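Novice:
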Amino acid sequence: VMELTLVLLFGAVVSGARGLELRDLFPFGEEAGDATLTPGSDSSAELGLEPELRFFSEAFDKIHISSNGLVAVQQPPPQAEYLGQTPPPFGLMAALMGDLDRGLVHFRLDRNPEVLDRSKDLVQKAFPQRPAQTPEGAVVVTWDKMAAAGSDGAEVGWRNSFQLVLVLLRSSSVAVLLYPRSGLQFLSSPAGGAPRALEAGFSEGLVYNWWWGKTQGKQEWLSSEGEESVRRLTRGSNCGVGGVWVFEVGAVKFSQIEPGTITTFPEDITTSPPPVTMLPRRPDPRVSTATDEPMTPEKEEPENIYEDEYSNTMNTSSTTTSTTTSTTITPTTTADYTATNTTKYQTTTGGVFSYNPDTCAQKRGGCSPFAECRDHASGSCCYCRHGYYGNGKDCVAEGKPQRMSGQVSGRVFLGSSPVPVEFSQKDLHSYVVTNDGRAYVAISSVTPPLGPALLPLSSVGGVIGWAFALEQPGHRNGFSIMGGVFSRRAQVLFSTGEGIDEHEHLQVHTELEGALPPVPLGATVQVSPYSEVYHYYDNLITSSSNREYSVVAPSGEVQNVSYQWRQTITYQSCVHAPGTRPGTGPGTGPGTRPDIQQLTVDQIFVMYDQDNSLIRYAMSNRIGPVHSSAPESNPCFSGGHGCDINAVCRPLEGQSFTCVCSSGFSGDGNHCEDVDECLSPGLCGPNSFCSNTVGSYRCVCPPGSRLSPEGQCTGTRPSPDIDECERAPCHHEASCSNTQGSYRCECKPGFTGDGLRCENPGSVLRPASLCELDRARALSRSSGGLWSWFRPRSSVFVPRCDSGGHFETTQCSEEQCWCVDTEGAEVQGSRVSGTDSPPHCVGPVTPPPFGPAPSPGVGHVAPGRLLLFAQSGRIEQVPLSQTGPDQTRPLLHVPDRVVIAVAYDCVEDSVYWTEISGPSIGRASLRDTERGPRTLVSSDLQSPEGLALDPVSRLLFWTDSGLDLVEVSRLDGSQRRVLFNTDLENPRAIVTDPVYGRIFWSDWNRDGPKIEMSNMDGSDRVVLVQEDLGLPNGLTYDPQSTLLCWADAGTRRVECMDPHLRQRSTVSDHVQYPFGLVSVGRSLYYTDWRRDAVVGLDRFSRTETLVISPQRKSRVYGISTTDYCPRVYNYCEQNGGCSHLCLPKLGGFSCLCPDRRDGTCYEPGQNWV
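Quick note on numbering: the sequence shown equals residues -19 to -1, 1 to 1150 in mature numbering (1 follows the signal peptide of the UniProt record, and there is no 0).
Put into C-alpha cells, the structure is as follows:
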C-alpha cells in the first residue's frame, strides 16, 4: 500500500502560528516605487533618509544597501573583510548576511499611508505596552530570489527571499525582519573557502573610546553559528507573527537593542489552519496490501484532518507515507490592473493580515476591480459585476480562457527506493478553456524516473479543472464559490488490480512530498474517466472517488492500477452575506451554495515527452447533479457550442443558444476581437498611462511612483509633461496629438487603423479569399484553442493559407500530405503518408518583374512566407512554399554595399539590415515599396554585423565587431544606448526573446568563443555556452519551442539549447561553413560560405532537407524570414509609460535614458537631468 497525501494552498490568509508566505511581504518592485540595486556580486547603493535613522545612539541621514543581505550605516568594505568574521568592523543590520548573488535587491523610502499603517501595527504587536506612534517614514529593502555565490543554487532553484523594513519614528527606529516560509531555501554560503551559516542580527561596529581607542561596539544576533538557528527564523517570532521579528535598534536615549516581547502565537479563529508539511516515513514492509472497497456518495461529516499535525509531540509513527502539495493561485484578470496591487489584508489581534470586513468605506480596495461592495447588517461583502464570476474578491470574465503558471517542487520516494528524488521549482503552465471545461497542464524539466511516475497523478492539474469546470444548470464550479483563496488536502491510497506494485498571465505553486509507484520509461498511461461527489459545508468541502488507470509497457504488457481518492477543501467565505441570498449569475459572490454536486472528468490525456522532459495533462470537466453521467443536451452545457474561445455560451430554449463575447472583447460571439479600452478617455487617473492588454487594460504610473487604490499615482513629485509627438511615434499616415502624460495617434482621413498602423482600405482591404473562407468554416466547427497540441479536433481538416490568402501548395492532415491547385483541389496522385517527408508541390510560377529592378530600391515582393538572405549588395527572397533555385528573386538592391545582417518587422511589414562598407543600418517597407530604403543609423558605427528587433517593444539591437559593443535603440534609430562594451572581442549574431525580455549574442573570439544572455536592459548578463565552441556565427531563437540554436563554423555543427534548462543537443555535425541561421517551425535554414547556398535542416530528423543555390554565385550572409507576428506581450508594449527608452527584463522593465540625453529624460533612482 502506498498512501499519498496532497495539500494545496490557494490564497493569502496567514495566521500567526503558520508564518509568512512570499505574498505577505510588503509590496516591492517597480510598481511599489522601488529602485533596484545594480546586479552583481558584492554591490551596494546609497539611500538618503529624511527623517534620519536612529541606530544605537547615533542618527544617520543615509544608509548603504548591500547585495549580501545587509544594510550598513557606512560604505561597506570589500566582502572578504567582513564575511565570516563576526562581529564585523562596521555598523550594520544583517537581514540574512552571506555571499549572495544573482537575485534582485529592491529598496525605497516610503511614506505611503498603507505601508506606514502596517509598520505601525507590527511595532504595536511587538511592544503592546508602549503607546502607539505613527511612523514618519519606512525603508523597505527586499532581497528577491538570491542565490549563494559560487554554488549551483541558481541552477537547481535554491533561492532566498526576505525583507527588512526600517520604521522611522519621531525619537527612535525599529527594524522589522520578515522571513517567508518558502523564501528560505538554503542556509549557508561560502566564506573564507568554506561554507558558513547565514547571519542575522545587528552590530554597532567599531566605536571610538577616549581611553581604549577603537573597540567593538554592542551587538545582537538572531542566529548562532549553526544552520538550525537560521532555519528557525521562518518559524519563530517576537511579535506573535511567525517569521516576523521586530527590534528597536536605536533611540535618543539608547542603552541596548530591544527585541519584541510577544513570543506566543494567537489562534486564528476565522479559518481552518492549513496543514504543516511533515517529513514522510517509509511504508512499513510488514503492512499487508489493502483492498479497494466501492465508495458511495454518502454525505460524511467533516473530520479534523489537522489534529495530529498540531499536537505537541508531532507524532509521525504512522506506517503510511504522506505527500504534500502546496499551491497558490492568483487570477490573471485582476492582475491586469495595477490599481489592485494594494494590501488586501490588514493586521488584527487574531493573526497577521486577516481580512477586516467592516463597511465598504473601510474596505479600501479589498474587492476585485470587477466587483461591487455591498453593506449588510454585520459587515460588507463583495459581488462580481454582470459578465464576471467569482467570490467578489476574485472575479474573472465569463467565457474568457484562464492561463496559469507557477512552479512545482518536492521530495518523492519511488517504489521501494530508500533514496528520495528531490526536485525544485519546475515550471508549470496551465490553460483552461472555460466555455467548454477543457483544462491543459504542462510541467517542464521533469527527468526520468520521476517524470513517468507523475503521469497517473493528473490530480496535480485536476484541481485547476475543478475550479473552472463547465457548469450545468443550477450548479457552480470551485472558482464561482471560493474565488482564488482556498486550501486542499487530499489522500491517495494506491493498490493494484492484478497483484503488481506499479505506477499550471493565475499563479500556481505546488509542492509534493511522499511516495509514488514507479512507471517504466517509455510506457504509456491511460487514465479512466471518473466521477467525484462533493459535499459542501460552511467554509469546508469534502469529496471522494475511486480512480483507475492502466500502464502499457513498451513490450505491450498492460498493468491495471487503482487508487482511492479523498480530499478536504477549506476556504473563507464572507460571513456577512445573507445565508440564503440567491446569486444573480454564476459566481456573482457570496450567496446560495449547493449541498452536494458531482464533478465528471473524462477525455483524460496524460503524456511524458522524454526528449523535452515534459509532462502534459489534459481533461474535460463538468460540475452538475449527482448520478448524472451525461451533460444537459443544450450545447452550452456539453461544450459543443462552437463559440469563440473568448466568448460565453448563453443557453436558450431547447437546443438553441447564443454566443456572447467575453468582457474586453467585441464581435458576434463566433469571432471575438480584443477591445482597446485605452481608446476611451478617462479610464486612468492624472499622470498615469493606459496600457491595453488582451481582454483588459492596465493603468501604469511613471517610474518611481505607484498607483493608489483610488487610481492616483503617488510617491513621486510632479513631472513636466513631455511632448511625445516630437519623436514621431505614430504611423506616417497618422496625426499625433500630445496629451498630459501621454499622446494619441489617429489615422488620417481615408485611412483606417489604431494610429500606430494605418492602412488604405481601397488598396489593402480585400474580400476574404476562398482559402480563408474554408479555413474560417473549419475553425468554427473545431472550436480551436490556443493549445494546438490538442485542438482543433482531428476530424476537421483546416486548410493552410499564405499571407495573400492563397492555398499553400502543400496541405497536411492526420499524418497525410498532398498537393493542391489554386482552387484548393487535391492534385491526383500527390497524397503521401507521414508528414516528415511531404510531397514536393510546385505552385504557379511568378514571372520576374519586367525590366531591370530599381537601384537602389525594393523589388517585387512575392506572396506568402519568404526566406530573406543577404548576398553582397542585395537581399534575396525565396517563397517557403517554392524553394527551388529558380524561385530566388531580388527583393532589395543596396548598390556598392556589403549587406551582412537581415531582420524583419512583422508589425509594419518592413525589412532591416546592416552593411559594413558604409557602415550603416537601414530599413525598407515591403508594403509601401515606392518609398524606397532609408538609412536609420550611420554615425558611431564601424562593423555592425548582428541585428535583431523586438516587435512588441519596438526596439532595435545590434552588435559591432569593430567597436566591440552591443547597442540598442528605438526602431527609428533614435535613443541609442550602449548596453555592453566590455569583455567582447568579436560579437556577431544577436537575437531577442520578447516574452522574457532577453537578448542573446555570440562572440567568435578565437581564444574564447562564447554565447551570452542578458535582459534587454543590460542586467543579469551571463555566459550561456563556452565549452566546445569554435566560431559561433549564426544565432536564432524560436519562441514556440524556447530553443536557442547556433551554427558554428569552427566545430561545423548546428546545435540547440533551452536557455532556461541549459539542455544542449546537436542538430547536425557535418555542416561546412555556416554564417547566418534562422528557425522556421521544425526547420532550420543556414547560409553556407563554402557552398554559396542556403541549406535547410529538419530539427527532429536531423537531416538536410533542401539546398537553395542562388543564380548569382557569391557569399551569402545573414538570413531571416517574413514571419507572422506572435501573440505575445511584455511590459514595454506602448513604451511602458517611460519618457524615453523602455527596456524589458525578466519579470519587469527599466526606464532608461539614451547615451546622449536631451534634458528631459528620467531614470528611476536618478535625478532629473
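Built from N, CA and C at the ideal position, the CB exists for glycine as well.
What you are looking at is a predicted structure, and each value in this text was computed from that prediction instead of being measured.
Label A156 either buried or exposed according to how many other C-beta atoms from any shown protein chain fall within 10 Å of its C-beta, with 16 as the threshold for buried.
Specialist: It is buried - the Cβ of A156 has at least 16 other Cβ atoms within 10 Å.
Novice: List the endpoints of the continuous alpha helix (DSSP H) containing D1001.
Specialist: Segment: none, D1001 is in no alpha helix (DSSP H) and carries neither H nor E.
Novice: How would you label Q579, buried or exposed, when you count the other beta carbons within 10 angstroms and need 16 or more for buried?
Specialist: Looking at its Cβ environment, which holds 16 or more other Cβ atoms inside 10 Å, Q579 is buried.
Novice: If you run the structure through DSSP and keep just helix, strand and coil, what is T340?
Specialist: DSSP places T340 in coil when its eight states are reduced to three.
Novice: Beta strand (DSSP E) containing L431: first to last residue?
Specialist: Not the beta strand (DSSP E): L431 falls in the alpha helix (DSSP H), residues 431 to 434.
Novice: Candidates Q1053, N527, A534, P430: which alpha carbon is nearest Q545's?
Specialist: Out of Q1053, N527, A534, P430, N527 has the C-alpha closest to the C-alpha of Q545.
Novice: Report the rounded CA-to-CA distance for S236 versus D102, giving the unit in angstroms.
Specialist: Looking at the two C-alpha atoms, the distance is approximately 24 Å.
Novice: Give the DSSP bridge partners of M994, in chain order.
Specialist: For M994, which the question treats as bridged, DSSP gives the partners F981, V1003.
Novice: Which same chain residues, not among the five before or five after A851, have their C-beta less than 6 Å away from its C-beta?
Specialist: Cβ neighbours of A851 beyond the five flanking positions: V880, V883, Y1098, G1099.
Novice: Distance check for D802 and Q792, CA to CA, integer angstroms please.
Specialist: Near 10 Å, if we compare the C-alpha coordinates of D802 and Q792.
Novice: Is it right to say L633 is buried, meaning 16 or more other beta carbons lie within 10 angstroms of its own, or is it exposed?
Specialist: Answer is exposed; the Cβ neighbour count stays below 16.
Novice: Give the secondary structure of T215 by DSSP, where H, G and I count as helix, E and B as strand, and everything else as coil.
Specialist: Here T215 sits in helix by DSSP.
Novice: Pick from L521, A534, W139: whose alpha carbon is nearest that of T551?
Specialist: Closest option to T551, Cα to Cα, is L521.
Novice: List the endpoints of the continuous beta strand (DSSP E) containing D931.
Specialist: Where D931 is concerned, the enclosing beta strand (DSSP E) stretches over 925 to 931.
Novice: What are the start and end residues of each continuous beta strand (DSSP E) run of 3 or more residues lying completely inside the region 582 to 665, in chain order?
Specialist: Whole beta strand (DSSP E) segments, 3+ residues: 595 to 605, 628 to 632, 638 to 642, 646 to 648, 653 to 655.
Novice: Who are the near neighbours of Q105 in its chain, counting only those whose CB is closer than 8 Å to its CB and skipping five residues on each side?
Specialist: Here the set comprises R111, A113.
Novice: Suppose the cutoff is 6 Å on Cβ atoms and the five residues either side in sequence are ignored; what does the same chain contact list for R1137 look like?
Specialist: Cβ neighbours of R1137 beyond the five flanking positions: none.
Novice: Sorted by chain position, which residues of the same chain lie with C-beta nearer than 7 Å to P575's C-beta, five sequence neighbours on each side aside?
Specialist: Closer than 7 Å at Cβ, skipping near neighbours: H456, R457, Y517.
Novice: If you follow the alpha helix (DSSP H) that P94 is part of, which residue opens it and which one closes it?
Specialist: It spans 94 to 107 - the alpha helix (DSSP H) in which P94 sits, taken as one unbroken run.
Novice: Assign A450 to one of three DSSP states: helix, strand, or coil.
Specialist: Looking at A450 - three-state DSSP - the assignment turns out to be coil, as it is neither helix nor strand.
Novice: Can you check which of these residues, S995, D988, D953, E966, is closest to V972 by C-alpha distance?
Specialist: Measuring from the Cα of V972, the nearest candidate turns out to be S995.
Novice: Excluding the 5 residues preceding and the 5 following residue 1169 in the sequence, name in chain order all residues of the same chain whose CB lies nearer than 8 Å to its CB.
Specialist: Coverage of the chain is limited to positions -19 through 1150, which leaves residue 1169 absent and any answer about it impossible.
Novice: I'd like to know whether the C-beta atoms of S1046 and C1037 end up nearer to each other than 8 Å.
Specialist: A contact, by the Cβ cut-off of 8 Å.
Novice: Is the beta carbon of E857 sitting closer than 8 Å to the one on V875?
Specialist: The answer is no: Cβ separation not under 8 Å.
Novice: Start and end of the beta strand (DSSP E) containing I897?
Specialist: Premise fails: I897 is in no beta strand (DSSP E) and is neither H nor E.
Novice: Taking F143 as part of the beta strand (DSSP E), name the residues at either end of that continuous run.
Specialist: 141 to 149 is the span of the beta strand (DSSP E), which, as asked, contains F143.
Novice: Taking the DSSP output, what are the residues bridged to W124?
Specialist: Beta-bridge pairing links W124 to V86, F143.
Novice: Could you tell me the distance, in whole angstroms, from the CA atom of A128 to the CA atom of R216?
Specialist: Cα-Cα distance, rounded: 21 Å.
Novice: Just to confirm, are C365 and C354 a CB contact at a threshold of 8 Å?
Specialist: Cβ distance not < 8 Å, so C365 and C354 don't count as in contact.
Novice: To the nearest angstrom, report how far apart E95 and F7 are at their CA atoms.
Specialist: Between E95 and F7, the C-alpha separation is close to 10 Å.
Novice: Measure the C-alpha to C-alpha separation of G927 and I626 and round it to an integer number of angstroms.
Specialist: Between G927 and I626, the C-alpha separation is close to 39 Å.
Novice: Applying the 10 Å Cβ sphere with the 16-neighbour rule, what's the burial state of H367?
Specialist: It counts as exposed.
Novice: Quick check on L409 - is its C-beta less than 8 Å from some C-beta in chain B?
Specialist: As a matter of chain content, chain B is missing from the structure shown, which is built from one protein chain.
Novice: What is the rounded straight-line gap between the Cα of S1120 and the Cα of T523?
Specialist: Distance between the alpha carbons of S1120 and T523: 54 Å.
Novice: So F88 packs on L28, CB below 8 Å; how close in whole Å?
Specialist: About 6 Å; that satisfies the 8 Å criterion.
Novice: Mind checking whether L1 and G223 have CB atoms under 8 Å apart?
Specialist: Yes, they are a contact pair.
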